[in-house]
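For reference, the structure discussed in these notes is given below.
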Amino acid sequence: MHAPGPEAKKRLLRLRVNGRWREDAVSETALLVDYLREVAHLTGTKTGCDGGECGACTVLVDGEAVPSCITLAVRCEGRSVETIEALATQGRLGRLQRAFHEKLGAQCGFCTPGMIMAAEALLRHNPQPTDDEIRAALSGNLCRCTGYVKIIESVKAATETVHDR
Amino acid sequence: MSAPLPQFRLAAPRTVTEAVAAYRDHPGSRFIAGGTDLLVNMRRGIGNPTYLVDLSGIDELAEIRITDDGVTIGAGVTIAALAQNDVIVARYRALAQAAAAIAGPGHRTMGTVGGNLCLDTRCIYYNQSEWWRSANAYCLKNRGDSCHVAPQGQRCHAAFCGDVAPALLALGAEIDISGTRGTRRIFLSQLYVEDGKAHLALADGELVTAVHLPPDPPASAYAKIRTRAAIDFPLAGVAVALETSGADIVSLRLALTGTNSRPFLLAGTEAFAGRCIDDKLLNEVDRLVQKQVQPMRTTITSANYRRVAAAALARRLITTLGTAGAA
Numbered sequence: 056m057h058a059p060g061p062e063a064k065k066r067l068l069r070l071r072v073n074g075r076w077r078e079d080a081v082s083e084t085a086l087l088v089d090y091l092r093e094v095a096h097l098t099g100t101k102t103g104c105d106g107g108e109c110g111a112c113t114v115l116v117d118g119e120a121v122p123s124c125i126t127l128a129v130r131c132e133g134r135s136v137e138t139i140e141a142l143a144t145q146g147r148l149g150r151l152q153r154a155f156h157e158k159l160g161a162q163c164g165f166c167t168p169g170m171i172m173a174a175e176a177l178l179r180h181n182p183q184p185t186d187d188e189i190r191a192a193l194s195g196n197l198c199r200c201t202g203y204v205k206i207i208e209s210v211k212a213a214t215e216t217v218h219d220r
Numbered sequence: 654m655s656a657p658l659p660q661f662r663l664a665a666p667r668t669v670t671e672a673v674a675a676y677r678d679h680p681g682s683r684f685i686a687g688g689t690d691l692l693v694n695m696r697r698g699i700g701n702p703t704y705l706v707d708l709s710g711i712d713e714l715a716e717i718r719i720t721d722d723g724v725t726i727g728a729g730v731t732i733a734a735l736a737q738n739d740v741i742v743a744r745y746r747a748l749a750q751a752a753a754a755i756a757g758p759g760h761r762t763m764g765t766v767g768g769n770l771c772l773d774t775r776c777i778y779y780n781q782s783e784w785w786r787s788a789n790a791y792c793l794k795n796r797g798d799s800c801h802v803a804p805q806g807q808r809c810h811a812a813f814c815g816d817v818a819p820a821l822l823a824l825g826a827e828i829d830i831s832g833t834r835g836t837r838r839i840f841l842s843q844l845y846v847e848d849g850k851a852h853l854a855l856a857d858g859e860l861v862t863a864v865h866l867p868p869d870p871p872a873s874a875y876a877k878i879r880t881r882a883a884i885d886f887p888l889a890g891v892a893v894a895l896e897t898s899g900a901d902i903v904s905l906r907l908a909l910t911g912t913n914s915r916p917f918l919l920a921g922t923e924a925f926a927g928r929c930i931d932d933k934l935l936n937e938v939d940r941l942v943q944k945q946v947q948p949m950r951t952t953i954t955s956a957n958y959r960r961v962a963a964a965a966l967a968r969r970l971i972t973t974l975g976t977a978g979a980a
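Taken in order, these protein sequences are the chains called A and B. Using the working numbering, you'd call the opening residue of the first sequence number 56 and step up by one each time. Using the working numbering, you'd call the opening residue of the second sequence number 654 and step up by one each time.
What follows is the structure, encoded as structure tokens:
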């Protein structure tokens, strides 16, 4: 598929994943989503379109929601990466996870980790968003099952449980 | 595993000088800013840089400076930062609207002003997987011999789809360029060439470092059409900068994207100075737009629809700005 190029070099990548610092030898050509799934074994983050168009791979980098399938892992040196696995603490679902569960915001569930991480970034900046603000924040995330109504309702429901996470 | 990227080395310069030197020292280099378009293309086997010069760690590129002489926007400023800047939102409205309408929120967080200005042109025969393109004998833009959109023609018709450029063109922007031969400043309009395969007038190893906007801009606005209201690139985009005195037009500048291989300023709008905004004028603008845009079958939407829609956007923006100015 590709003409042979120079051998990509591995470098030591130091970053914080879900609150814990870790160091791994990572190829310069590795994508963040592959690093998270294959090296850190955090398979909650999904690869959907594989081209930055669907948002299923959304994670937080320094608190901002970004598609991890178009992010080079080595560009996260020294930064804080958060995935869906960070939201449940000691077996208890986070407020967005619980809201998606209770309000039926997930159907097949494949887009859900990305939806929740995009919503998590929104709620940290803006704890009481309007429906339009929720729609704008999730506009980079595609769902092929639910039609979005239940997803918006789920995020809305999560804003009403402000006491934990 | 995701579709693998081709093998490459990555440099992380801290200054523009280091970036230019890194590029010069490694044949087969590409500059990478946000990477939201470049990495997707690379994974589809388009282009095969063996060395990427990462511009994201260069602090001097990431500033917006506001002075009496106008606004200077570093090429590394993210689209999200541009869309949220108070001065840009208040005074250079077309630019803020264009930035806010780019792709989705995640892309805006990563993408940059320089990246959007130098965005690769797009076409349904080009932005496809390696498998798809090879099954279709490739195309003129990449590895092929003829343009599937216009097989009789000699050039590539892929369309430029950046949103920031038309807003900056309408607002009269200049840009700084750095390369091995030093720096130069040109009008943004001089950056672009009507050729989908080579649409940027940059020498090998040159990069755009900053955008300059004059102070006291006229009222401006940007609008575009696309299949979905987020993520998608524009099928047509229009920026208008309108200065009025009472009901009369002092100056009208209109720039377009998504329809040609380059973003361009509509020619012939000087003649509207002194006129008022009425149906006659709007019809004349409509005709000018429809005559000068050259949409081809580079998208799933028909060329004629994009032509008519571009003209409709132009009419709508001028009417809205005219009404706001008269109020």
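We put the CB at the ideal spot given by N, CA and C, even for glycine.
Take residue i as the anchor and find which of the options has the nearest alpha-carbon.
| i | options | result |
| --- | --- | --- |
| residue 164/A | 203/A, 72/A, 216/A | 203/A |
| residue 98/A | 105/A, 90/A, 104/A | 90/A |
| residue 868/B | 686/B, 722/B, 709/B | 722/B |
| residue 880/B | 940/B, 936/B, 706/B, 889/B | 889/B |
| residue 918/B | 927/B, 941/B, 835/B, 936/B | 941/B |
| residue 670/B | 711/B, 779/B, 700/B, 857/B | 711/B |
| residue 997/B | 975/B, 977/B, 948/B | Past the edges of chain B, shown from 654 to 980, lies residue 997/B, and the structure says nothing about it. |
| residue 195/A | 170/A, 138/A, 182/A, 183/A | 170/A |
| residue 734/B | 717/B, 689/B, 777/B, 743/B | 717/B |
| residue 866/B | 907/B, 689/B, 724/B | 724/B |
| residue 138/A | 71/A, 209/A, 208/A | 71/A |
| residue 923/B | 912/B, 916/B, 909/B, 902/B | 902/B |
| residue 110/A | 161/A, 119/A, 173/A | 173/A |
| residue 123/A | 705/B, 759/B, 728/B | 759/B |
| residue 117/A | 763/B, 779/B, 937/B | 763/B |
| residue 121/A | 177/A, 93/A, 146/A | 177/A |
| residue 806/B | 815/B, 753/B, 793/B | 793/B |
| residue 714/B | 864/B, 796/B, 937/B, 680/B | 864/B |
| residue 871/B | 693/B, 741/B, 835/B | 741/B |
| residue 197/A | 102/A, 184/A, 183/A, 130/A | 102/A |
From which residue to which residue does the beta strand (DSSP E) around residue i run?
| i | result |
| --- | --- |
| residue 767/B | Residue 767/B -> not in any beta strand (DSSP E); alpha helix (DSSP H) instead, spanning 766-770. |
| residue 136/A | 135-137 |
| residue 70/A | 65-72 |
| residue 122/A | 119-122 |
| residue 725/B | 723-727 |
| residue 79/A | 75-82 |
| residue 865/B | 860-866 |
| residue 687/B | Element bounds for residue 687/B: n/a, residue is neither H nor E. |
| residue 793/B | Neither: residue 793/B is in no beta strand (DSSP E) and is coded neither H nor E. |
| residue 830/B | 827-832 |
| residue 875/B | 872-878 |
Could you tell me the distance, in whole angstroms, from the CA atom of residue i to the CA atom of residue j?
| i | j | result |
| --- | --- | --- |
| residue 830/B | residue 931/B | 41 angstroms |
| residue 747/B | residue 820/B | 5 angstroms |
| residue 186/A | residue 83/A | 40 angstroms |
| residue 849/B | residue 211/A | 45 angstroms |
| residue 660/B | residue 128/A | 14 angstroms |
| residue 95/A | residue 148/A | 21 angstroms |
| residue 192/A | residue 175/A | 10 angstroms |
| residue 914/B | residue 769/B | 14 angstroms |
| residue 842/B | residue 874/B | 18 angstroms |
| residue 685/B | residue 75/A | 29 angstroms |
| residue 963/B | residue 891/B | 7 angstroms |
| residue 847/B | residue 916/B | 9 angstroms |
| residue 146/A | residue 206/A | 23 angstroms |
| residue 904/B | residue 876/B | 19 angstroms |
| residue 693/B | residue 886/B | 14 angstroms |
Within 10 angstroms of its Cβ, does residue i collect 16 or more other Cβ (buried), or is it exposed?
| i | result |
| --- | --- |
| residue 144/A | exposed |
| residue 898/B | exposed |
| residue 150/A | buried |
| residue 817/B | buried |
| residue 750/B | buried |
| residue 215/A | exposed |
| residue 664/B | buried |
| residue 835/B | exposed |
| residue 159/A | exposed |
So the alpha helix (DSSP H) residue i belongs to, where does it begin and stop?
| i | result |
| --- | --- |
| residue 934/B | 932-945 |
| residue 898/B | No alpha helix (DSSP H) holds residue 898/B; the beta strand (DSSP E) holding it covers 889-898. |
| residue 741/B | 739-744 |
| residue 250/A | Nothing in the structure corresponds to residue 250/A, since chain A is present only between 56 and 220. |
| residue 818/B | 817-823 |
Please state if the CB of residue j and the CB of residue i are separated by a distance shorter than 9 angstroms.
| i | j | result |
| --- | --- | --- |
| residue 67/A | residue 81/A | yes |
| residue 771/B | residue 861/B | yes |
| residue 967/B | residue 900/B | no |
| residue 107/A | residue 689/B | yes |
| residue 703/B | residue 61/A | yes |
| residue 938/B | residue 907/B | yes |
| residue 708/B | residue 736/B | no |
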